[in-house]
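Participant: Dropping the structure in here first, questions after.
See below:
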């Protein structure tokens, strides 16, 4: 019997819109031949394979995941399919318990909570850190209640007070304690209140407001979701309903922002789910697939894929000369691509760096320095980076294993920002000119546009593809699984040509 109430839980609004377009696409007038793996997935949707069992689908890069999901859902469902972000699902749960809830995507609610908890005692700079931390806490760690629960989040998202504030009694413990109190106050929402985006995840999880609504729940890009988001997906599944979790643990590269990189294995165990796979890519040339097999051995190329090619390029000068509109240039960190972008612009080639929020962070840093000249700006940036990394090095010496990765990532981010600033100031005559460069370079508009060379961190390029991709090889690492995943994601952005630039980094 066909199922009528199906939820496809999307990681982001873009994925939601893409899946809605997939579901609305007209059926082909000719019968399509599906792979054996796709047929097995369709049989699960139809209830003829492993009936009554939940399912985990491991879908590798470029394996036709969206097309497969669309076809499976069409075979399953005779009624209306709801494609929603988990934020939207969470909001629906909140409104079942509190009437007339309004939503504003601003910092007004977060700042108001801080005012109620902190009053006028701490300086505004510290209050802003409390506001940022409890906002991230509500999104990532809604069950946090005790000191230490938010520490890694504070380090990762730059919520630590400067040394001067710590000496005045407003150190990290103060910020975290106040943030936890703000979270508790946020949970006490009343009918008619205005909430924000973080509350959409926080309130239904913290307050136990998840309501069973769907006979089938399909979770897309599960490896990029937080534990809290996945808790919402599980909480809205009806008793006796079935869940299909789709993702690729080899593309789990967002652990630094709270993603549950172990979600596929964890949910397979928790749900006693069967596992099915999509391992044949229709995106990457055969030579590129062979290279990626060093990271994911069961990755396969479709029989009709192009041969593809792997090229070597010794230096950045060759890259600057070779890059053409439509190409991707990828790096593990941002500083090298900013330097290359400046070289491309001087060579008369139009380009942009993906990441509007990165540019916003650089602009904030520039203004924080209050420099009157470019030399003064560079001097203050160097002093800032030295001071911040010394502080984090001291924390690292005392940190437990659970915090060490967050501290190391923060130190890397500080160094990356400082090196980006060095590249951006080259040849600039004023601080205003540096800010103008930041505004012109960093944008999320037109990724992969035909008229531009796109420079991007690997994280920003996830989900995208290009015929030719240049990878700055010496920026990649392989000292843990997430770093290996980053290399795999970088390689599998290339459809026809992958160009290694530079030598392999010494580990």
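Residue numbers (my numbering): 2 to 508. Even glycine gets a Cβ: it sits at the ideal position worked out from N, Cα and C.
Within this structure, are the beta carbons of residue 455 and residue 355 separated by less than 8 Å?
Facilitator: Yes, the Cβ-Cβ distance between residue 455 and residue 355 is below 8 Å.
Participant: Extract the residue ranges of the alpha helix (DSSP H) inside the region 182-265, only unbroken runs of 4 or more that lie entirely within it.
Facilitator: Runs of the alpha helix (DSSP H) inside the region 182-265: 198-207, 228-236.
Participant: To which residues of the same chain is residue 266 closer than 8 Å at the C-beta, ignoring the five residues directly before and after it?
Facilitator: Correct list, in chain order: 250.
Participant: Is the beta carbon of residue 46 closer than 8 Å to that of residue 76?
Facilitator: For residue 76 and residue 46, yes; Cβs fall inside 8 Å.
Participant: With a 10 Å radius around its C-beta and 16 neighbouring C-beta atoms as the bar for buried, classify residue 449 as buried or exposed.
Facilitator: Reliability fails at residue 449, whose pLDDT of 48 lies under 50, so the model's placement of it is uncertain and the value that follows must be treated cautiously. It is buried - the Cβ of residue 449 has at least 16 other Cβ atoms within 10 Å.
Participant: Note down the Cα distance separating residue 1 from residue 394, rounded to an integer number of angstroms.
Facilitator: As shown, the chain starts at 2 and ends at 508. That puts residue 1 outside it, with no answer to give.
Participant: So within the region 83-170, which uninterrupted beta strand (DSSP E) runs reach at least 3 residues, ignoring any that extend past its ends?
Facilitator: Counting whole runs of 3 or more residues, the region 83-170 contains no beta strand (DSSP E) stretch at all.
Participant: Pull up the distance between the alpha-carbon of residue 311 and that of residue 504, whole angstroms please.
Facilitator: Answer to the nearest angstrom: the Cα atoms are 14 Å apart.
Participant: Could you check whether the region 246-262 touches the region 210-228, counting it as contact only if at least three pairs of C-beta atoms, one from each stretch, sit closer than 8 Å?
Facilitator: Touching, yes.
Participant: Please name the residue or residues paired with residue 423 in a DSSP beta bridge.
Facilitator: Per DSSP, none; premise fails for residue 423.
Participant: Which word fits residue 27, buried or exposed, when buried means at least 16 other C-beta atoms lie within 10 angstroms of its C-beta?
Facilitator: So residue 27 counts as exposed.
Participant: Compare the beta carbon distance of residue 151 and residue 170 with 8 Å and say whether it is the shorter of the two.
Facilitator: It is not a contact, given that the beta carbons lie outside the stated cut-off.
Participant: Label residue 328 either buried or exposed according to how many other C-beta atoms from any shown protein chain fall within 10 Å of its C-beta, with 16 as the threshold for buried.
Facilitator: Classification for residue 328: buried.
Participant: Relative to the C-alpha of residue 39, which candidate in 277, 193, 366 has its C-alpha closest?
Facilitator: Here the closest residue by C-alpha is 277.
Participant: Whose C-beta lies closer than 8 Å to the C-beta of residue 408 among residues of the same chain, with five residues either side of it excluded?
Facilitator: 156, 393, 396, 397, 400.
Participant: Between the alpha carbons of residue 318 and residue 62, how many angstroms are there, rounded?
Facilitator: Residue 318 and residue 62: Cα-Cα distance of roughly 31 Å.
Participant: Are residue 519 and residue 166 closer than 8 Å when you measure CB to CB?
Facilitator: Past the edges of the chain, shown from 2 to 508, lies residue 519, and the structure says nothing about it.
Participant: Looking at the unbroken alpha helix (DSSP H) that takes in residue 495, where does it start and where does it end?
Facilitator: Looking at the DSSP string, residue 495 is not in any alpha helix (DSSP H); the run it does join, the beta strand (DSSP E), is 495-502.
Participant: Alpha carbon to alpha carbon, what distance is there between residue 391 and residue 113?
Facilitator: Approximately 34 Å between the Cα atoms of the pair.
Participant: Assign residue 62 to one of three DSSP states: helix, strand, or coil.
Facilitator: Residue 62: coil per DSSP, three-state reduction.
Participant: Exposed or buried, residue 52, counting other C-beta atoms within 10 Å across all chains shown (16 or more means buried)?
Facilitator: Exposed, by the Cβ-count rule.
Participant: Could you check what DSSP says for residue 46 in three-state terms: helix, strand or coil?
Facilitator: Helix at residue 46.
Participant: According to DSSP, which residues form a beta bridge with residue 314?
Facilitator: Answer is 502, bridged to residue 314.
Participant: Tell me the rounded alpha-carbon separation between residue 447 and residue 337.
Facilitator: Caution is warranted here: a pLDDT of 45 is assigned to residue 447, below 50, making its placement in the model unreliable, and the coordinate value is therefore given only provisionally. Distance between the alpha carbons of residue 447 and residue 337: 21 Å.
Participant: Can you tell me which of 358, 60, 164, 179 puts its alpha carbon nearest to the alpha carbon of residue 147?
Facilitator: Nearest of 358, 60, 164, 179 to residue 147, Cα basis: 179.
Participant: Compare the C-beta of residue 158 with all C-beta atoms of chain C and state if any pair is closer than 8 Å.
Facilitator: As a matter of chain content, chain C is missing from the structure shown, which is built from one protein chain.
Participant: Below 8 Å on the Cβ atoms is my contact criterion, and I expect residue 282 with residue 275 to pass it. Report the Cβ-Cβ distance as a whole number of Å.
Facilitator: About 23 Å; that fails the 8 Å criterion.
Participant: Between the Cα of residue 1 and those of 493, 7, 480, 487, spot the shortest distance and give me the residue it belongs to.
Facilitator: Given that the chain is displayed from residue 2 to residue 508, the structure contains no residue 1 and the question cannot be resolved.
Participant: Do you know whose CA, among 68, 124, 495, 433, lies nearest residue 459's CA?
Facilitator: When each option's Cα is compared against that of residue 459, the closest is 495.
Participant: Note down, in chain order, each residue of its chain lying with its Cβ closer than 8 Å to the Cβ of residue 202, except the 5 sequence neighbours on either side.
Facilitator: Around residue 202: 87, 88, 91, 139, 140, 143, 227, 229, 230, 233.
Participant: Please report how far the alpha carbon of residue 334 lies from the alpha carbon of residue 443, in whole angstroms.
Facilitator: Taking the straight line from one Cα to the other gives about 14 Å.
Participant: Taking just the CA atoms, how far does residue 345 sit from residue 419?
Facilitator: Distance between the alpha carbons of residue 419 and residue 345 is about 21 Å.
Participant: Under a Cβ-count criterion, where at least 16 other Cβ atoms within 10 Å of its own Cβ denotes burial, should residue 480 be classed as buried or exposed?
Facilitator: Under this definition residue 480 is an exposed residue.
Participant: Using the Cβ count rule (16 or more neighbours within 10 Å means buried), how would you classify residue 342?
Facilitator: By the 10 Å Cβ count, residue 342 comes out buried.
Participant: Whole angstroms is fine: what's the gap from residue 106's alpha carbon to residue 197's?
Facilitator: Each residue's Cα considered, the two are about 5 Å apart.
Participant: Would you call the region 356-374 and the region 424-442 in contact, with 3 or more CB pairs under 8 Å?
Facilitator: Segments in contact, yes.
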